[in-house]
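A.B. asks:
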Amino acid sequence: MKLKAVITAAAPGQRHILHQTLATPDNRRPTMGDFLLELLADAVDEIGIVIPAGDRAPIADLFAPSGRRITLIEQTEAKGYGHALYQARDFVGAEPFLHLVGDHFYLADQGPVSALTAELVRLHASEGCSVSAVLPTREGLLPYFGAVGGPALGHGLYHVETVLEKPTPTQAERELVAAGLRQGHYLCFFGIHLFSPGLMEILHTQYTATGVVPGLSHALQLLARQERYLATVLPGRRFDIGSKYGLLQAQLALGLQGADRDEILSLMLELTAR
Numbered sequence: 223m224k225l226k227a228v229i230t231a232a233a234p235g236q237r238h239i240l241h242q243t244l245a246t247p248d249n250r251r252p253t254m255g256d257f258l259l260e261l262l263a264d265a266v267d268e269i270g271i272v273i274p275a276g277d278r279a280p281i282a283d284l285f286a287p288s289g290r291r292i293t294l295i296e297q298t299e300a301k302g303y304g305h306a307l308y309q310a311r312d313f314v315g316a317e318p319f320l321h322l323v324g325d326h327f328y329l330a331d332q333g334p335v336s337a338l339t340a341e342l343v344r345l346h347a348s349e350g351c352s353v354s355a356v357l358p359t360r361e362g363l364l365p366y367f368g369a370v371g372g373p374a375l376g377h378g379l380y381h382v383e384t385v386l387e388k389p390t391p392t393q394a395e396r397e398l399v400a401a402g403l404r405q406g407h408y409l410c411f412f413g414i415h416l417f418s419p420g421l422m423e424i425l426h427t428q429y430t431a432t433g434v435v436p437g438l439s440h441a442l443q444l445l446a447r448q449e450r451y452l453a454t455v456l457p458g459r460r461f462d463i464g465s466k467y468g469l470l471q472a473q474l475a476l477g478l479q480g481a482d483r484d485e486i487l488s489l490m491l492e493l494t495a496r
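In our numbering, each residue carries its 1-based index in the sequence shown increased by 222.
1) In the DSSP assignment, what residue or residues form a beta bridge with E387?
2) Return the Cβ separation of L357 and P391 in integer angstroms, given the expectation that the two are a contact with Cβ distance under 8 Å.
3) How is G458 classed by DSSP in three states: helix, strand or coil?
4) Could you tell me if V323 is buried or exposed, where buried requires 16 or more neighbouring beta carbons within 10 angstroms of its beta carbon?
5) Applying the criterion that 16 or more other CB atoms from any shown protein chain within 10 Å of the CB defines a buried residue, is S352 buried or exposed?
6) Let me check understanding here. Comparing Cα to Cα, which of V385, G406, L342 lies closest to V266?
7) For the structure I just gave you, are there three or more beta carbon pairs, one from the region 238–246 and one from the region 323–341, closer than 8 Å?
8) For V434, count neighbouring Cβ atoms within 10 angstroms of its own Cβ and tell me buried if that reaches 16, exposed if not.
9) For the structure I just gave you, are there three or more beta carbon pairs, one from the region 404–420 and one from the region 465–482, closer than 8 Å?
10) How long is the line joining the alpha carbons of R460 and L409, rounded to whole angstroms?
11) Look up R354 in the DSSP assignment and say whether it is helix, strand or coil.
12) Is the region 448–459 touching the region 364–383 in the sense that three or more CB pairs, one from each, lie closer than 8 Å?
13) By DSSP's criteria, G376 is part of a beta bridge. Which residues make up the other side?
14) Who are L345's beta bridge partners in DSSP?
15) Per DSSP, which one or two residues make a beta bridge with P274?
16) Determine contact between the region 224–239 and the region 265–282, defined as no fewer than three beta-carbon pairs at a distance below 8 Å.
17) Distance, Cα to Cα, R360 vs H377?
18) Could you name the residues of the same chain whose beta carbon sits closer than 7 Å to that of G402, not counting the 5 residues immediately before and after it, in chain order?
19) Can you look up G437 in the DSSP assignment and give me helix, strand or coil?
20) For S439 and E387, which I take to be in contact (beta-carbon distance under 8 Å), what is that distance rounded to the nearest angstrom?
21) For L445, tell me which candidate among M254, L491, G420 has the shortest Cα-Cα distance.
22) Is I295 closer than 7 Å to Q309 when the C-beta atoms are compared?
23) Going by CA-CA distance only, name the one from G368, L345, R290 that's closest to A227.
24) Assuming V399 and Q443 make a contact with CB atoms under 8 Å, what is their CB distance in whole Å?
25) Going by beta carbon distance, what residues of the same chain come within less than 6 Å of V314, once the five residues before and after it are set aside?
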């Protein structure tokens, strides 16, 4: 099943994130853009990247060596996440599409990171609906993520009934209960989604009616009311590169997965002993 994918990287704080590099265990220094392409692997035919207006040349240069079919889509005004995704409406057409958040770094617990997107593709093919990856996240991190709630279906799969953007702990405790999680943990978005055409239809309908594109979490709440919408816990981790120390956390996690684990742990102990 070949799909199109949309990466959003147009927020003011995301301007340079795709160019950030991380050192890998094999001593390469790929950019965040390279890691996102690795995540998509062979799951997609074409990739659309939503970028800030005026950034076309440097981002085109960044991705030119990849040889992938990439379309750059400029967001001329910073009007939010939902608005950024809506800019790709013509690119995806009336088809399902993968969506990645451009300021996250992803690691699979085992095997290639592309297995994470492959699992979403598999679930969409078998269930015929939108599927968002989620990660059990402690309540102290709720201000950084959207979150979902709904009944568990087994094997890390949930039927989404409620979507909230950056809820307070009180809101989450009241509205985002999900079975099988540790106390004080909630299902926050992982940053990888496979959306049905219904999402773009909702964004377009809301824009046509009001002249404003709704926030993505609001649109996803409408999607959950109109059609079946699932969330799944994937065997991996995500790191918000745009947050404080996010790049450092990603680099440490990547290093600790490789052959230099003992060396990195020794360096950390040395630093903390000072």
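Here a beta-carbon is modelled for each residue, glycine too, at the ideal position from N, C-alpha and C.
C.D. replies: According to the data block:
1) G368
2) About 17 Å; that fails the 8 Å criterion.
3) strand
4) buried
5) buried
6) L342
7) yes
8) exposed
9) no
10) 13 Å
11) Reading off the sequence, residue 354 comes out as Ser, not Arg. Here S354 sits in strand by DSSP.
12) yes
13) L379
14) Paired residues: none, contrary to the question.
15) Q297
16) yes
17) 20 Å
18) A374
19) coil
20) 4 Å
21) G420
22) yes
23) R290
24) About 16 Å separates the two Cβ atoms, so there is no contact after all.
25) K226
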